[in-house]
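Listed in order, the protein sequences are those of chains A and B.
Using full-length UniProt numbering, you'd call the opening residue of the first sequence number 1 and step up by one each time.
Using full-length UniProt numbering, you'd call the opening residue of the second sequence number 1 and step up by one each time.
All residues carry an ideal CB built from backbone N, CA and C; glycine is no exception.
Small disclaimer: the values here were computed from a predicted structure and weren't measured.
This report refers to the structure that appears directly beneath it.
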Amino acid sequence: MKVKMLSRNPDNYVRETKLDIQRVPRNYDPTLHPFEVPREYVRALNATKLERVFAKPFLASLDGHRDGVNCLAKHPKSLTTVGDDKTVKQWKMDGPGCGEEEEPLQTILGKTVSTGIDHHWKDPIFATCGQQVDIWDEQRTSPVCSMNWGFDSVCSVKFNPIETFILGSCASDRNIVLYDMRQATPLKKVILDMRTNTICWNPMEAFHFTAANEDYNLYTFDMRALDTPVQVHMDHVSAVLDVDYSPTGKEFVSASFDKSIRIFPVERSRSREVYHTKRMQHVICVKWTSDSKYIMCGSDEMNIRLWKANASEKLGVLTSREKAANDYNQKLKEKFQYHPHVKRIARHRHLPKSIYSQIQEQRIMKESRRRKEMNRRKHSKPGSVPVVSERKKHVVAVVK
Amino acid sequence: MHATKAAKGLLALSQQEELVDLPTNYPLSASEDEGDSDGERKHQKLLEAIGSLSGKNRWKSVERSEASLKVSEFNVSSEGSGEKLALSDLLEPVKPSSSLTAVKKQLSRVKSKKTLEVPLNKREVEQIHREVAFSKTSQILSKWDPVVQKNREAEQLVFPLEKEPASFAPIEQVFLDWKARTPLEQEVFDLLHKNKQPVTDPLLTPVEKASLKAMSLEEAKIRRAELQRARALQSYYEARARRLKKIKSKKYHKIVKKGKAKKAIKDFEQLRKVDPNAALEELEKIEKARMMERMSLKHQNSGKWAKSKAIMAKYDLEARQAMQEQLAKNKELTQKLQVVSESEEEGGAEEEEALVPDVVNEVQMNADGPNPWMLRTCNRDAKEDEVQADSKELPEPVAHEFSDNEGNEKPEAEEDVLLKEFEERRSIRKRSKLNQDAKPVGGQETKDSTTKEVLSELKALSQKLSKDNRLSKKPKESPAKTVPLVQEEEPAPEEEEPLLLQRPERVRTLEELEELGKEDCLPNKELPGAAVEGEQVRRNPQEELKGKKKEKMISLQKLLTTRTPSVTSVAVPTTVEEQEDEVERDQKQMIKEAFAGDDVIKEFLKEKRETIQANKPKDLDLTLPGWGEWGGMDLKPSAKKRRRFLIKAPEGPPRRDRDLPNVIINEKRNIHAAAHQVQVLPYPFTHHQQFERTIQNPIGSTWNTQRAFQKLTAPKVVTKAGHIIEPIKAEDVGYQSSPKSDLSVMQSSPKRRSKHQKQLKKRRAQ
């Protein structure tokens, strides 16, 4: 007689070692999981709330300066400075030893006062700007070549990080000039409504750069088509003083006179994040660190502040499960970002009263300006008051 | 021989020199010259000759003059002689020597050269440099376009971009910092050491070493590409050489052809002798070839080649010969072998005439055409030419002429006009051809005249068209005007909505966040639909009272089913009324017939009833058949039990379309859920189905397998803390970066100026 028995193979349910996680048999049949969307929605909502709760971007304040911090720089190999005394000084990268006096490695006396400096990304070359843009070899005491176009004081110069022979500079007569170092000639000039304070090149896209302008906006340009900016970034309520790209090239951070710094996605015109503290005054310079995790800003009140680039990110080592949960939450937030509750919570930011009221004020101004233009258009001959897009509005001219 | 010739030349030269020298050496006064006779002069000459023989030149030492300012080392001053000294004068006496002709040629060449143009001013030059440099750099930059595109669309980007090459550390190096820890390991280690096992022997075989040293993949790829190219080139050259080898000379081909022809004739002769039938067939073949030739016009000098030769025929003997040869061939082919009738001969003659190059023919015809029409028109042509030269307005006078003609002689007019037109065209064509041959300027003029004609025609046409357009436009204008107005009234496209909702309040806890959500959803400005509904809900209770009253007065059924009473006015006379009534009745009848089948009102009522039924909350039946009593196929639970376990659904809120007889309001929409729903289709999506699909697919591990979950939740950008992310490099994306550093390029930059010369020249030409 044959006896039928229930038999189970322990291989199917017993884990091999103690360190393995328990095996959970699961049926993925969608009919068995009717409430997938609502459940995920709730998860997304919770993730968004937690993100806002854990958003603590401020890390540290580095004090010690006895005057406002006007300049920050990041370069792996060299440290060069310029001063109002017409000198260019090159310094050691590591600080002085014990009892050693800090002295520059090399001092070059220039002919004119330089107002800005930038170092080449690969070669031992640096560029200074003042009355003209000078290219220096580190081994020489006179500039290798100097380029100018018209007569105005250039306030900042930046090397392109990818095609390293291209430079961009912005001058005080409202223009941005591009130079080619190899051919030792300026390339093109674009004149904007107001003065550009500085520019920054996208480290992943060779032809894109962003200009921080006095008219509260930032403009991202494609250097091959300067007549229309690719994107106008607006949110600041005062002059934008500095801008720096994340090394991933997806975002940039801007420092403004309105005592805040903002993070913009490259292809969006509005900021994703705003950082401010009570004690932070006009922010003059800002840098995104090379590992893309932190942001440094130097401000008027003698402090350098360190921020997280991602406000709610957990620092330190993450376990794989933490990482997975993090990724899942991010994806959920992304998936449900258009839902009103999620959106509302994710967008909420606290602002100091001064900035808040200024935003309101400017909104009103803008609206009234728009209304006026519309009225004018309505009551004048068709076509005589053309519709000018926001992007084209701010470019005055492109000079060949 | 040469030496003597040279000596002679020298002698002659010296004699001439002496003759030239004489007047300078002897500043003779005019009076002396007149007074002296011939004999005296001879005497003096003799004396002088004797003096010169002594080797002492007294005269020269006496003469002394001041250095002239005009004398320079570069040019000869021609002071005193009255006329300017030309360079060619200086070269005149030495004309026979051949070496100087080259110099002369050079001189003439120098003369023929134009002066250099004035250089452009600095500003323009700089602008050109800038433009050139800009186009160059933008070209360099455009190679990044695909990379940027790819990176933007990438599912995942992992930074830092460059991966460290996976290197195999040799086993010795791994061994170096390894120490035995456990007793077992120590034991093994000891054993190995005791036996002097080769731990640090050359563990790598030569093959392994070679593989380690082997070139990288990229290098190999480049090398392979080079090899491929070389092979392709080689095969190409081989093929070419083979082809070239096969090609024989023209002469060879000629000889072969001739030989073939001769052989064919011989064969034919033989065939005629041997087999007359076959010969006849052959003849037929030849006849056929002739017919083909006559049809095809192959050798009639009408092809491209023949035309080009016809142009050259005037000047080039060879071309003429070639043409004649072809003509001969044509003749040969078209010649009939059988009996030739007279008429055919004539035809042949005509053909021959036609086969003479066109240019010649035309000239002849112009001189004296056989056609009287032609003659007349030719004269007119001449007249027209004059007119053209005077006013340069060809079309108008011609038109006048036409009109005149029409006025004078109507029956002839049409034919005349046609003929004239033909003639005109012909003459224009001829003129242009002739002029092209003779003088290009004239040709252009005639061209101009023709183009003018065409232009005037076009103008007239366009004017007509524009008139038509104007007529047709006028009625159209008004809608065109209204459209932009409508567009303008729409609010201008808003800029991007701010990503952040900035407020002066701070939220710190979860509760506050909850509040944030709630406060948002009730007085939500973004949800106009919800707000309107809320208002309606609030309004409802007030209206309810009124509605109850109204209910008594208005019955739904009545409202919909009662017909509108036909009101007839008394004032209208009855006869007219009757007529109208009839018409009305007819129409009604027609409408009834047309819409016989459908009762719209009934259908609507039915639909409304159905929706009301469907939206009513359902009763819940909890009876379990067979529980507590018998169960089976035909058995049903008892009524008592059913009554007991039936849970009646609570009466829902009153319907909003209760008092609106001709409206169905959908009550499925849930206000509470609406606060959580997306109202407007978000930007990147073009259809709501797309959006819904993204929402419906769950991404959590609850609904997906582990692998799928990982894939679905992979972050877009991955970075590592503390790892420097360098800017993207050409090598990262497979491009070759320029081997020179920027500094070295800069130091060799002065040559760039020469690169721009071309552009400068172009600009100057403009």
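Measuring alpha carbon to alpha carbon, tell me which of B/Lys288, B/Lys616 and B/Val678 ends up nearest B/Pro653.
-> Stepping through the second sequence from its first residue, residue 653 of chain B is reached at position 653. B/Pro653 has its Cα closest to that of B/Lys616, out of B/Lys288, B/Lys616 and B/Val678.
Identify, in the order they occur along the chain, each residue of the same chain with its Cβ nearer than 6 Å to the Cβ of A/Arg262, setting aside the five sequence neighbours on each side.
-> Counted from its first residue, the first sequence places residue 262 of chain A at position 262. Within the same chain, A/Arg262 has close Cβ partners Asp235, Ser254, Ser271 and Val274.
Beta-bridge pairing of A/Trp91 - partner residues as DSSP gives them | Counting from one through the first sequence, the residue named residue 91 of chain A turns up at place 91. Per DSSP, A/Leu79.
So what does A/Ile176 bridge to, in DSSP terms?
-> As a working note, residue 176 of chain A is residue 176 in the first sequence. Answer is A/Cys170 and A/Val190, bridged to A/Ile176.
Alpha carbon to alpha carbon, how far is A/Leu62 from A/Gly68? Give it in angstroms, no decimals.
-> Stepping through the first sequence from its first residue, residue 68 of chain A is reached at position 68. Stepping through the first sequence from its first residue, residue 62 of chain A is reached at position 62. Straight-line Cα distance between these residues: approximately 12 Å.
Please confirm if A/Thr210 has its CB atom under 9 Å from at least one CB of chain B.
-> Numbered from 1 along the first sequence, position 210 holds the residue referred to as residue 210 of chain A. No, its Cβ sits nowhere closer than 9 Å to a Cβ of chain B.
Answer yes if the segment 300 to 309 of chain B comes into contact with the segment 320 to 331 of chain B, meaning at least three C-beta pairs across the two stretches below 8 Å, and no otherwise.
-> yes
Over the uninterrupted alpha helix (DSSP H) stretch that includes B/Arg320, give me the two end residues.
-> Taking the second sequence and counting its residues from 1, the one referred to as residue 320 of chain B is at position 320. Leu317 to Thr334 is the span of the alpha helix (DSSP H), which, as asked, contains B/Arg320.
Of all Cβ atoms in chain B, is any one closer than 9 Å to the Cβ of A/Gly130?
-> Your numbering for residue 130 of chain A matches position 130 in the first sequence. Not one chain B Cβ lies under 9 Å of A/Gly130.
Does B/His299 come within less than 9 Å of chain A when only Cβ atoms are used?
-> Sequence index remark: in the second sequence, residue 299 of chain B carries index 299 (1-based). So, not an interface residue.
Among residues of its own chain, excluding the 5 on either side of residue 767 of chain B, which ones have a beta-carbon nearer than 6 Å to its beta-carbon?
-> With chain B covering 1 to 766 only, the question about residue 767 of chain B has no answer from this structure.
Output, in sequence order along the chain, the residues in the segment 154 to 186 of chain A whose CB is closer than 7 Å to any CB in chain B.
-> Pro161, Ile162, Glu163, Thr164, Phe165, Ile166, Asp180, Met181, Arg182, Gln183, Ala184, Thr185 and Pro186
Leaving out five residues before and five after A/His65 in sequence, what residues of the same chain have Cβ atoms less than 7 Å from its Cβ?
-> Position 65 of the first sequence holds residue 65 of chain A. Counting only Cβ-Cβ distances below 7 Å, and skipping sequence neighbours, we find Met302.
Using a Cβ-Cβ cut-off of less than 9 Å, list which residues of the segment 122 to 151 of chain A approach chain B; keep chain order.
-> Lys122, Asp123, Pro124, Ile125, Ile135, Asp137, Val144, Cys145 and Trp149
Given that a residue counts as buried once 16 or more other Cβ atoms are within 10 Å of its Cβ, and exposed if not, what is B/Asp38?
-> In the second sequence, residue 38 of chain B corresponds to position 38, counting from 1. Exposed is the call here.
Who does A/Glu273 pair with in a DSSP beta bridge?
-> Position 273 of the first sequence, counted from the start, is the residue given in the question as residue 273 of chain A. A/Ile263, per the DSSP bridge assignment.
Beta-carbon neighbours of residue 458 of chain A, restricted to chain B and to distances below 8 Å = Residue 458 of chain A lies beyond the stretch modelled for chain A, which goes from 1 to 400, so this question has no answer here.
Kindly say whether A/Ile359, judged by its beta-carbon, lies nearer than 9 Å to any beta-carbon of chain B.
-> Position 359 of the first sequence, counted from the first residue, corresponds to residue 359 of chain A. It does; some Cβ of chain B falls within 9 Å.
What does B/His676 touch in chain A if you count any residue whose Cβ is under 8 Å from its own?
-> Within the second sequence, residue 676 of chain B is the residue found at index 676, counting from 1. The contacting residues are Tyr41, His339, Pro340 and His341.
My guess is that A/Ser153 and A/Ser169 are in contact by the Cβ rule of under 8 Å, so how many angstroms apart are they, rounded?
-> Counting from one through the first sequence, the residue named residue 153 of chain A turns up at place 153. Counting from one through the first sequence, the residue named residue 169 of chain A turns up at place 169. Incorrect: roughly 11 Å between the Cβ atoms, too far for contact.
Endpoints, beta strand (DSSP E) assigned at A/Val398 = To locate residue 398 of chain A, count along the first sequence from 1; it is residue 398. Segment Val395 to Val399, the beta strand (DSSP E) holding A/Val398.
Proximal residues to A/Asp300 (C-beta, below 7 Å), its chain only, five neighbours per side dropped = Taking the first sequence and counting its residues from 1, the one referred to as residue 300 of chain A is at position 300. Here the set comprises Gly68, Gln281, His282 and Ile284.
Reference residue 770 of chain B; option with closest CA among A/Leu50, A/Thr141, A/Ala225 and A/Thr248 | For chain B, the structure presents residues 1 to 766; residue 770 of chain B sits outside this window and is missing.
Alpha carbon to alpha carbon, what distance is there between A/His33 and A/Pro229?
-> Your numbering for residue 229 of chain A matches position 229 in the first sequence. Your numbering for residue 33 of chain A matches position 33 in the first sequence. Distance between the alpha carbons of A/Pro229 and A/His33 is about 49 Å.
With burial defined as no fewer than 16 other Cβ atoms inside 10 Å of the residue's Cβ, what is the status of B/Met633: buried or exposed?
-> Residue numbering aside, residue 633 of chain B sits at position 633 when the second sequence is read from its first letter. Classification for B/Met633: exposed.
A/Arg268 in three-state terms, based on DSSP = Mapped onto the first sequence, residue 268 of chain A falls at position 268. Coil, per DSSP.
Using a C-beta cutoff of 9 Å, does B/Ser472 count as contacting chain A?
-> Your numbering for residue 472 of chain B matches position 472 in the second sequence. Residue confidence for B/Ser472 is low, a pLDDT of 47 falling below 50, so the modelled location carries little weight; the figure read from the coordinates is stated next. By this cut-off, B/Ser472 is not an interface position.
Tell whether a beta-carbon distance below 9 Å holds between A/Arg39 and B/Thr182.
-> Residue 39 of chain A sits at position 39 when you count from the first residue of the first sequence. Residue 182 of chain B sits at position 182 when you count from the first residue of the second sequence. Their beta carbons are not under 9 Å apart, which means A/Arg39 does not touch B/Thr182 by this criterion.
Take every Cβ of the segment 495 to 507 of chain B, pair it with every Cβ of the segment 339 to 352 of chain A, and state whether three or more of those distances are shorter than 8 Å.
-> yes
Assess, as a yes-or-no matter, whether the segment 133 to 142 of chain B is touched by the segment 175 to 184 of chain A under the definition of 3 or more beta carbon pairs within less than 8 Å.
-> yes
Mind listing which residues of the segment 254 to 282 of chain A have their C-beta closer than 7 Å to chain B's C-betas, in chain order?
-> Arg268, Ser269, Arg270, Ser271, Arg272 and Val274
In three-state DSSP terms, what is A/Lys308?
-> Here residue 308 of chain A corresponds to residue number 308 of the first sequence, with the count starting at 1. Reduced to three states, the DSSP call for A/Lys308 is strand.
In chain B, which residues lie with their C-beta within 7 Å of the C-beta of A/Asp235?
-> As a first step, residue 235 of chain A must be located in the first sequence, where it is residue number 235. Near A/Asp235 (Cβ distances below 7 Å), the residues of chain B are Pro498.
Per DSSP, residue 431 of chain A is paired with what?
-> Nothing about residue 431 of chain A can be reported from this structure: the residues present for chain A run from 1 to 400 only.
To the nearest angstrom, report how far apart B/Lys254 and B/Tyr315 are at their CA atoms.
-> Sequence index remark: in the second sequence, residue 254 of chain B carries index 254 (1-based). Sequence index remark: in the second sequence, residue 315 of chain B carries index 315 (1-based). Approximately 25 Å, taken between the alpha carbons.
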